Amino acid sequence: MKKKLIICGLAVLIAAAAIYGAAAAGAEPGGQDDPLVTLSYIKEVFTGEVLDEVNRIADDETEAFYAAFGDRLAQVEEQFGDSAESAQRSTYQLVVLSDGQEMVCARGTELMLRIGRAYVSADDIPGLVDTSTADNLNDGGELETNHMYMVTIEGNGIRASGTVKVIARGEWEIK
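Residue numbering for the sequence shown follows this note's numbering, beginning at 1 and increasing consecutively.
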């Protein structure tokens, strides 16, 4: 009985080896069952395909980046204004007013009377803050030459009496 068992086991092994050998003999070199990669395939086909895919991904990511950057830049410009306006508001400008003209200012605007006579035009108190003396100047008060004034309430400003030259930084409108 042992002998029959050994013979059956050997027969099964021989049959399995024959089937595997026939399958291996039928496999085409370089085919799906027996892949063969050559240096020329890597240089001529594979590398080009990989580079094409990398370039496609890089182009897609670059496009997405520029789109997101453009959106963010538009948000910043909307929030803070364009750079030319920002530069104008952050530097001192010479403003010339004629007799009776008013300079209506935004909160935070700084003014310095250089030439002429000007008076505070304000609906609220304080009209202007004289940062040179730390005093408040209310509606109708006369500005002193070479004193720095700050507008602390939106819409306050100055009214010219004759030709007036003012150095200003911030936002204002001439009326």
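Glycine residues also receive a C-beta, built at the ideal position from the N, C-alpha and C atoms.
Quick caveat, the model's predicted, so the values are computed rather than measured.
- In the same chain as Ala118, and ignoring 5 residues on each side of it, the C-beta atoms closer than 6 Å to its own belong to Leu143, Ile158, Ala160 and Val164, in chain order.
- By the Cβ-count criterion, Val37 is exposed, with fewer than 16 other Cβ atoms from all chains shown falling within 10 Å of its own Cβ.
- Here Gly157 is bridged, per DSSP, to Val104 and Ser121.
- In the structure shown, the three-state DSSP call for Gly162 is strand.
- For Asn136, DSSP records a beta bridge to Val129.
- A Cβ-Cβ contact shorter than 8 Å links Gly127 with Gly141.
- Within the region 53-83, there are no complete alpha helix (DSSP H) runs of at least 4 residues.
- The alpha-carbon of Asn146 is positioned some 17 Å away from that of Thr91.
- The region 119-139 makes no contact with the region 69-79: fewer than 3 CB pairs, one atom from each, lie closer than 8 Å.
- For Met148, same chain residues with a beta-carbon under 8 Å away, outside a window of 5 residues either side, are Glu110, Leu111, Met112, Asp130, Thr131 and Ser132 in chain order.
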